[in-house]
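Each residue of the sequence shown is one higher than the one before, counting from 1 in the UniProt record's numbering.
Step one of this worksheet: look at the structure below.
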Amino acid sequence: MEFVATSMPGIAPLLAEELGTLGISVTETGKAHVEFSGGTADALKVCLWSRLAERVLLPLAKLGVTPDIAPEKLAASQDWLALVGNDAPIHVNVEHGLGVRGDNRISAKRFIQALPPQFTISRDLRGSCCLRARLDQNEAHLWLDLAGDPLHRRGYRLAGGRAPLRETLAAAMLWAAGWHKEDRPGALLDPFCGSGTLLIEAALMAAGRAPGHQRRHYGFQHWRGCRRQLWQAAMDQAAASADRPVPALSLKGFDADLKAIQLAQQNAERSGVRHAIHFERRELGALRPRDVADEGVMVTNPPWGERLDEQEQAGWLHLGLGRIMARLAPGWQVVLLGADAQVMDRSGMNLESQWRLKNGPFNNFIRLYSPRQQQPVEVVQVADSAAFDVPEQAMPLVNRLKKNGKHLRRWLEREDIQCYRLYDRDLPEFNVAVDIYGDQVLVQEFKAPKTIDPEKARERRDWAVTAVRAALGVHREQVHLRTRERQKGKQQYQKLDGQGHYRPVREGQAQLLVNLQDYLDTGLFLDHRPVRLRIAEEASGKRFLNLFAYTGSATVHAAVGGAKRTVTVDASKKYLEWAASNLALNGFSTDQHSLERADTMRWLDECKEQFDLVFCDPPTFSNNKSRSDFVVEEHHGDLIRKIMRRLEPGGVLYFSCNFRRFKLDESITKWYDVEDLTRWSIPEDFRRNDKIHVLYAIRHVEEA
């Protein structure tokens with residue numbers, strides 16, 4: 001007989017390969033189906049043992065008729081008493097092909113009305129003889145569905161979490177990874193495991209257990225063409241495979257969502273492989289060398305992101321994933337499922353193979369990658385000699401850059417710093433700041449007073465850029481120029497050109513996104529580097545709060561340092577989106593790292609949560625339509641008292657401010673233990689301007 005095994009559109013080639021390993025004779029492979037020939041036992045084998053098939057169909061009729069008469073003609077084409085056994089009810093599904101108008105439910109009703117009257121019609125697939133029909137414009141097909149319930153319903157998953165992965169799709173990803181082979185790698189990791197489908201399918205596949213061994217209902221049980229003894233023996237054989245042990249493998253599943261982990265554990269328990277899989281509430285960013293053996297494969301379904309802002313975060317997450325794998329597991333393979341090829345391309349890994357498929361309404365890709373080693377960033381430093389001759393007027397700046405570079409060189413190498421300030425208005429005639437971000441240079445010109453001739457100011461700016469290029473030996477495309485002037489109101493948040501030029505830089509163990517072109521500020525305050533690194537050292541196992549958080553760089557350091565929870569508060573939607581992208585780049589989600597768009601003072605009034613570690617860096621002045629303006633000199637005492645109500649005993653608040661005439665409220669030093677860390681917190685590259693900020697560590701006074 002001829003049979004048809006259907007699959008998700010796009011993975012039929014993998015299904016054909018799988019049927020070949022089962023000893024099935026494949027005759028044709030389409031986009032979403034595989035035709036095979038054999039006896040009834042072969043059809044039962046596919047129903048019980050195929051991990052990729054959705055249905056197994058026995059063709060009953062193919063008629064050259066139009067849709068207006070097709071339902072009745074198909075119903076009249078069969079000897080139903082010879083086909084349907086044991087007085088089983090019949091379940092009917094009729095689909096309209098491309099270009100066929102009308103309601104398929106009407107066509108199904110007409111088909112049912114044309115059946116012999118003694119048959120009962122059921123809406124339930126289980127316990128029914130299942131029929132499927134398709135009406136095309138000039139042709140009609142009728143099949144007997146030997147599966148009944150779709151084959152991806154294995155019987156072990158009662159709940160699937162937020163975005164459950166279909167079992168057959170999970171099996172296809174594993175097949176693409178070569179997990180079905182005897183020489184499979186010894187470890188499999190899913191860092192976004194959700195309800196555990198991939199890990200469970202991997203354990204069942206490695207053990208050689210029939211995917212249908214837990215099911216009790218199939219369509220073939222009500223087909224007169226299949227003797228009870230035959231299908232009962234086939235089902236008993238599949239059920240007996242449940243005793244096959246899972247080989248000694250490292251199977252690990254992580255997820256940020258505790259409920260998902262609990263669902264995964266329950267599903268694994270029902271499938272009989274709970275003992276073989278390690279599930280843990282953890283995030284990609286918390287992956288450690290001990291989690292990845294010498295040889296293994298990562299198979300996972302990272303968050304795709306349906307909205308534009310989520311897609312941006314998904315892109316940075318893929319980049320972070322590629323970098324983490326290149327650093328921790330360069331010899332592994334990676335299989336990813338995704339919906340956006342451009343997002344997946346951001347991983348930076350080497351694409352080995354690809355399968356394009358249809359997953360419900362989504363066009364998806366299964367991609368097999370190998371990690372690509374990252375080239376180390378050549379951090380820009382001052383050369384021993386100028387790269388080219390410069391005008392005489394630019395030489396003072398060249399010489400000062402060389403002097404500063406020589407002073408900072410050993411410190412930069414010792415501290416492994418990639419982003420730093422090289423020059424900050426040291427010479428009156430060059431009113432600029434020069435900051436290094438990896439292999440890029442930012443020259444910030446402070447707008448000259450109106451008394452200065454604009455042409456003279458432009459000439460000095462050109463000399464400054466020339467001096468920077470000569471002293472650092474960089475191409476003009478590596479130099480970014482901005483003009484800073486006093487901003488008012490919303491001007492400080494406006495874009496400069498709006499192109500979205502984000503690039504990652506490394507600070508300590510954190511990857512942070514900076515933008516050297518679109519906004520007045522880059523997204524990273526370099527003078528706060530020491531306190532961010534200190535937060536990373538102290539955050540392990542703690543609850544961290546970041547107020548007036550800007551782009552969340554301190555939050556990222558806390559997450560990388562092992563904080564068990566973080567909350568990031570800022571009034572700017574744009575900055576919080578930036579913070580979300582920063583988290584994603586480091587492999588962290590907003591499930592455990594909440595982002596709160598709110599007025600900080602009001603949020604503190606409403607907050608009920610306690611924290612062990614807090615960083616607060618308020619602006620000197622902030623206006624707000626919904627409340628009175630915030631002035632740090634006037635309101636910082638009230639702000640600190642609100643924070644201290646949310647700080648656990650034994651915790652610490654790091655309070656910073658860049659107001660040059662700042663003086664701490666005396667009541668704060670009276671009621672709390674205050675340690676002035678300002679001198680410690682000014683890094684070497686800002687020592688020439690030690691008034692750039694103040695920093696205090698504020699704690700509750702310990703009771704005697």
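Just so you know, even glycine gets a beta-carbon here, dropped at the ideal spot from N, CA and C.
Residue range of the alpha helix (DSSP H) that residue i falls in?
i, result
"THR522", "No alpha helix (DSSP H) contains THR522, which DSSP labels as neither H nor E."
"SER667", "666–671"
"VAL297", "No alpha helix (DSSP H) contains VAL297, which is instead part of the beta strand (DSSP E) from 297–300."
"LEU351", "Looking at the DSSP string, LEU351 is not in any alpha helix (DSSP H); the run it does join, the beta strand (DSSP E), is 350–359."
"ILE535", "529–538"
"ASP570", "No alpha helix (DSSP H) holds ASP570; the beta strand (DSSP E) holding it covers 565–570."
"residue 708", "Only positions 1 to 704 of the chain appear in the structure, and residue 708 is not among them; the question remains open."
"TYR575", "573–585"
"VAL343", "341–345"
"ALA43", "40–49"
"ARG602", "600–606"
"ALA170", "167–176"
"ALA82", "80–83"
Closest by CA to residue i, which one among the options?
i, options, result
"MET349", "ALA329, SER370, VAL343 and GLY338", "SER370"
"ARG476", "VAL443, GLU459, ALA448 and GLU507", "VAL443"
"ASN404", "GLU167, ALA286, GLY20 and ASP685", "ASP685"
"LYS31", "LEU14, LYS45 and GLN592", "LEU14"
"TYR672", "GLY650, ASP690 and THR566", "GLY650"
"ASN359", "ALA339, ARG367, ARG244 and GLN375", "ALA339"
"ALA394", "GLY127, VAL432 and VAL567", "VAL432"
"ASN546", "THR522, LEU526 and LEU576", "LEU576"
"SER128", "GLN137, LEU146 and LEU135", "LEU146"
"LEU44", "GLY102, HIS213, ALA70 and GLU455", "HIS213"
"ALA92", "LEU98, ARG101 and PRO71", "The question names Ala, yet the displayed sequence has Val at residue 92. That would be PRO71, whose Cα lies nearest to the Cα of VAL92."
"GLU537", "ALA559, PHE430 and GLU445", "ALA559"
"residue 705", "ALA242, ASP190, LEU74 and THR27", "Missing from the structure shown is residue 705; the chain here goes from 1 to 704 and no further."
"LEU481", "ARG458, ARG503 and LEU287", "ARG458"
"ARG327", "GLN373, ALA314, ARG356 and GLU310", "GLN373"
"ALA61", "LEU74, SER50 and ALA53", "LEU74"
"ALA471", "PRO391, ARG534, LEU512 and ASP527", "PRO391"
If residue i and residue j are in contact, beta carbons under 8 Å, what's the gap, nearest whole angstrom?
i, j, result
"LEU401", "ALA293", "Incorrect: roughly 48 Å between the Cβ atoms, too far for contact."
"TYR654", "VAL701", "Wrong, their Cβ atoms sit about 17 Å apart, outside the cutoff."
"residue 710", "GLY296", "Because the chain here runs from 1 to 704, residue 710 falls outside it and cannot be looked at."
"residue 742", "GLN610", "Look at the range of the chain in this structure, 1 to 704, and you will see that residue 742 is not part of it."
"ASP572", "TRP316", "In the sequence as displayed, the identity of residue 572 is Ser instead of Asp. About 18 Å separates the two Cβ atoms, so there is no contact after all."
"ARG484", "GLU455", "Rounded, the Cβ-Cβ distance is 20 Å, inconsistent with contact."
"THR168", "HIS152", "4 Å"
"ARG154", "PRO67", "At roughly 36 Å, the Cβ-Cβ gap does not stay under 8 Å, so ARG154 and PRO67 are not in contact."
Just curious, the beta strand (DSSP E) that residue i is in, first and last residue?
i, result
"ARG224", "Run containing ARG224: none; DSSP gives neither H nor E here."
"CYS616", "611–616"
"LEU422", "419–424"
"LYS252", "250–255"
"GLN118", "Unbroken run through GLN118: none, as it is neither H nor E."
Could you have a look at residue i and say whether DSSP puts it in helix, strand or coil?
i, result
"THR590", "coil"
"MET8", "coil"
"THR197", "helix"
"LYS495", "Its pLDDT being 48, under 50, LYS495 is placed unreliably by the model, and nothing is read from it."
"ARG688", "helix"
"PRO454", "helix"
"PRO13", "helix"
"GLY552", "coil"
"PRO396", "helix"
"LYS490", "Caution is warranted here: a pLDDT of 46 is assigned to LYS490, below 50, making its placement in the model unreliable, and the coordinate value is therefore given only provisionally. Reduced to three states, the DSSP call for LYS490 is helix."
"PRO59", "strand"
"THR66", "coil"
"CYS130", "strand"
"LEU287", "coil"
"VAL694", "strand"
"PRO649", "strand"
"ILE261", "helix"
"ALA329", "coil"
"HIS96", "strand"
"HIS278", "strand"
"ALA140", "strand"
"ARG461", "helix"
Hey, is residue i close to the ligand COA, as in C-beta under 6 Å from one of its heavy atoms?
i, result
"LEU401", "Although the ligand COA was asked about, the structure shown includes no ligands whatsoever."
When you compare the segment 275–286 with the segment 163–175, are there three or more beta-carbon pairs, one atom per stretch, that lie closer than 8 Å? No: the two stretches stay apart, fewer than three of their Cβ pairs being nearer than 8 Å.
With a cut-off of 8 Å, do at least 3 Cβ pairs link the segment 72–90 to the segment 219–229? Result yes; three or more Cβ-Cβ pairs closer than 8 Å.
Pair every Cβ in the segment 435–442 with every Cβ in the segment 409–425, then say whether three or more of these pairs are closer than 8 Å. With contact defined as three or more Cβ pairs closer than 8 Å, the segment 435–442 and the segment 409–425 are in contact.
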